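Participant: The working numbering numbers the first residue of the sequence shown as 466 and each following residue consecutively.
Just so you know, even glycine gets a beta-carbon here, dropped at the ideal spot from N, CA and C.
As the structure is a computational prediction, the values presented were derived from the model and not from experiment.
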Amino acid sequence: MSIKLTDSQLQQLAKIRLWGAATSAHQVEGGTVNQWSGWEQKHAAGRAEESAEQFDSWLPDWDDIRHEAQKSDNYISGGAADHYNRYEEDFEILSELNANAYRFSIEWSRIEPQEGEWSEGAIEHYRRYIAALRKRNIEPVVTLWHWTTPVWFEDRGGFSSRKNVSYFVRFCERVMSELGDSITYVCILNEPNVYAVMSHLMKRWPPQSGSPLRFARVYLNLVRAQKAVYRSIASEGKKIGLAYAVSHVETVTKNPVAQLIAAVVDYGWNVWFLARIKNHYDFIGVNHYFTNFISWKGEVKKHERRSDYGWHMNPIGIADALKTLDRRFGAEIIITENGLADRKDQYREWWIEQTMIGLSDALEAGVHITGYLHWSLLDNFEWAEGFWPRFGLVAVDRANQKRTIRSSAHSYAEVIAQARLANKQ
Ligand code: BGC
Numbered sequence: 466m467s468i469k470l471t472d473s474q475l476q477q478l479a480k481i482r483l484w485g486a487a488t489s490a491h492q493v494e495g496g497t498v499n500q501w502s503g504w505e506q507k508h509a510a511g512r513a514e515e516s517a518e519q520f521d522s523w524l525p526d527w528d529d530i531r532h533e534a535q536k537s538d539n540y541i542s543g544g545a546a547d548h549y550n551r552y553e554e555d556f557e558i559l560s561e562l563n564a565n566a567y568r569f570s571i572e573w574s575r576i577e578p579q580e581g582e583w584s585e586g587a588i589e590h591y592r593r594y595i596a597a598l599r600k601r602n603i604e605p606v607v608t609l610w611h612w613t614t615p616v617w618f619e620d621r622g623g624f625s626s627r628k629n630v631s632y633f634v635r636f637c638e639r640v641m642s643e644l645g646d647s648i649t650y651v652c653i654l655n656e657p658n659v660y661a662v663m664s665h666l667m668k669r670w671p672p673q674s675g676s677p678l679r680f681a682r683v684y685l686n687l688v689r690a691q692k693a694v695y696r697s698i699a700s701e702g703k704k705i706g707l708a709y710a711v712s713h714v715e716t717v718t719k720n721p722v723a724q725l726i727a728a729v730v731d732y733g734w735n736v737w738f739l740a741r742i743k744n745h746y747d748f749i750g751v752n753h754y755f756t757n758f759i760s761w762k763g764e765v766k767k768h769e770r771r772s773d774y775g776w777h778m779n780p781i782g783i784a785d786a787l788k789t790l791d792r793r794f795g796a797e798i799i800i801t802e803n804g805l806a807d808r809k810d811q812y813r814e815w816w817i818e819q820t821m822i823g824l825s826d827a828l829e830a831g832v833h834i835t836g837y838l839h840w841s842l843l844d845n846f847e848w849a850e851g852f853w854p855r856f857g858l859v860a861v862d863r864a865n866q867k868r869t870i871r872s873s874a875h876s877y878a879e880v881i882a883q884a885r886l887a888n889k890q
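1) Is the number of C-beta pairs between the region 746-754 and the region 788-806 that are closer than 8 Å three or more?
2) Should Asp791 and Val832 be called a contact, given that it needs their Cβ atoms to be closer than 8 Å?
3) So the alpha helix (DSSP H) Gly823 belongs to, where does it begin and stop?
4) With a CB to CB cut of under 8 Å and the five nearest residues on each side skipped, what residues in its chain are close to Ala806?
5) Counting C-beta neighbours from all protein chains within 10 Å, is the total for Asp412 16 or more, i.e. buried, or is it exposed?
6) State the start and end residues of the unbroken beta strand (DSSP E) segment that holds Val493.
7) State buried or exposed for Gln691, treating a residue as buried only when at least 16 other CB atoms are found within 10 Å of its CB.
8) Assuming Ser542 and Ala513 form a contact by the criterion Cβ under 8 Å, report the distance between their Cβ atoms to the nearest whole angstrom.
9) Does the Cβ of Val658 lie closer than 7 Å to at least one heavy atom of the ligand BGC?
10) Compute the Euclidean distance between the alpha carbons of Thr471 and Asp620, then round it to the nearest angstrom.
11) Is it true that the CB of Ser642 sits closer than 8 Å to the CB of Arg682?
12) Skipping 5 residues on each side, what residues in its chain have a beta carbon closer than 7 Å to that of Gln579?
13) Okay, do the region 477-484 and the region 822-830 touch, 3+ Cβ pairs below 8 Å being the bar?
14) Quick check: Arg689 and Arg627, are their CB atoms within less than 8 Å of each other?
15) Excluding the five sequence neighbours on either side, which residues of its own chain have a C-beta within less than 6 Å of the C-beta of Tyr877, listed in chain order?
16) Between the beta-carbon of Leu687 and the beta-carbon of Pro677, is there less than 8 Å?
17) Only counting the same chain, and skipping five residues up and downstream in sequence, which positions put a Cβ closer than 7 Å to that of Val730?
18) For Gly836, which option in Asp844, Trp670 and Met821 has the closest C-alpha, if you only look at C-alpha atoms?
19) For the ligand BGC, any of its heavy atoms closer than 7 Å to the Cβ of Asn752?
20) Could you spell out the range, first to last residue, of the beta strand (DSSP E) harbouring Pro605?
21) Closer than 7 Å to a non-hydrogen atom of the ligand BGC - does that hold for the CB of Gly816?
22) If you measure between the beta carbons of Ile571 and Arg639, is that distance less than 8 Å?
23) At which residue ranges does the region 628-692 contain complete beta strand (DSSP E) runs of 3 or more residues, listed in the order of the chain?
24) Where does Gln890 fall in DSSP's three states?
25) Contact between the region 513-525 and the region 478-493 is defined here as three or more beta-carbon pairs at a separation below 8 Å; is this criterion met?
26) Have a look at Leu562, Ala784, Asn752 and Ala882 and flag the residue whose alpha-carbon is nearest the alpha-carbon of Val659.
27) On the DSSP letters alone, give me the boundaries of the alpha helix (DSSP H) that Ala546 sits inside.
28) If distances are taken between C-alpha atoms only, which option among Glu553, Ile468, Arg871 and Lys704 comes closest to Asp422?
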């Protein structure tokens, strides 16, 4: 194994029961029709032009990426990784990687393409899909909302309208009544904080509404959605939670202004939402990608090692992020996403190793972590950036949909095997 972990670290990791990877429907399935699809068509050409401006002078591997990023088809999800049709093949890969858990989302726009019209075909698809996981002893971890919604829902104002929350509740109830018998783990929402900021404050994602008032309305309605769905579907034997973007905030100076900025960023990002939904989750799913380094001027570039996406890489920061979260909320934690864009697979193994060290540190300190799901199983559609960032443990060649397991994935598979073995001893 090329990931080096000590016996005592492995003993800690043995406490984690669920091991695997994650995806979301719109990013891998192909053929989805939701509020993103139309927006992609409209903005693809513009995104291709803007990409040079956005990344040119500073992304480390931009020379390798440019030719893809400047083509408009990069920005159209289209057939994505064709996971909708190739899931059996993808689940075989999960098994090969020793995974026993898989997080995916159920696409609302497939299940209820028009208001109140339920697609039996789509429900049947997900029934077979979950059965295909169960057949391989892979625990499904279902996300009910990974940012995409049916077009009709968006046309009615989406989550900016309080009365629309009931449509979402109805969808979740339908999914649970149809498929609930074969599901234990559910994330109701995915990263409400990222969605509200990107779609309603920074105008980066559809519907690109940049009003603080609308942002506040959406954020509050997402709080209401989590609570209402939880009240409706929580029951004995089920684990109902959410996946939440948790960052680690670190001040790199003693300057009081920096300390204040850090406290505000930390509270706004890592605390506010979770504090509102207290008692409305059985576990917190943690999506962890960043450390926010704060100086008196704002965020500073401390770590020069960057992913293809330009994100500073400090994977070990997950230990402090989890310890802080545990101190604040004391809940069961599943790492529902963690990973990096790394097309050459040059850092992924190192990233996983550092993350495992961070997790064992947090476990030793008593943090209750029961799952680790790497983002992502497959190279996928990375929202406004399209296909060029490659997060997959498995590379997908878009020309022919061929899957190739990256070398780092084999190292991850060995970690899983060892941790699962240690769990049995
Ligand atoms: C999202 C994923 C996304 C990943 C990498 C998370 O914020 O949940 O959909 O692909 O980050 O950017």
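Facilitator: If we stick to the structure as given:
1) yes
2) yes
3) Arg813 to Glu829
4) Ser772, Asp773, Tyr774, Trp776, Glu847, Pro854, Arg855 and Phe856
5) This structure leaves residue 412 out entirely; the chain is present only between 466 and 890.
6) No beta strand (DSSP E) holds Val493; the alpha helix (DSSP H) holding it covers Ala490 to Val493.
7) buried
8) Not a contact, Cβ separation roughly 15 Å.
9) Here the sequence assigns Asn to residue 658, which means Val is not the residue at that position. Incorrect: Asn658 has no Cβ contact closer than 7 Å to the ligand BGC.
10) 54 Å
11) no
12) Trp617
13) yes
14) yes
15) Ile817
16) no
17) Val714, Asn757 and Ile759
18) Met821
19) yes
20) Glu604 to Trp610
21) It should be noted that the sequence gives Trp, not Gly, for residue 816. Every heavy atom of the ligand BGC is 7 Å or more from the Cβ of Trp816, so no.
22) no
23) 650-655
24) coil
25) no
26) Asn752
27) Premise fails: Ala546 is in no alpha helix (DSSP H) and is neither H nor E.
28) Since the displayed the chain opens at 466 and closes at 890, residue 422 lies outside it and no answer follows.
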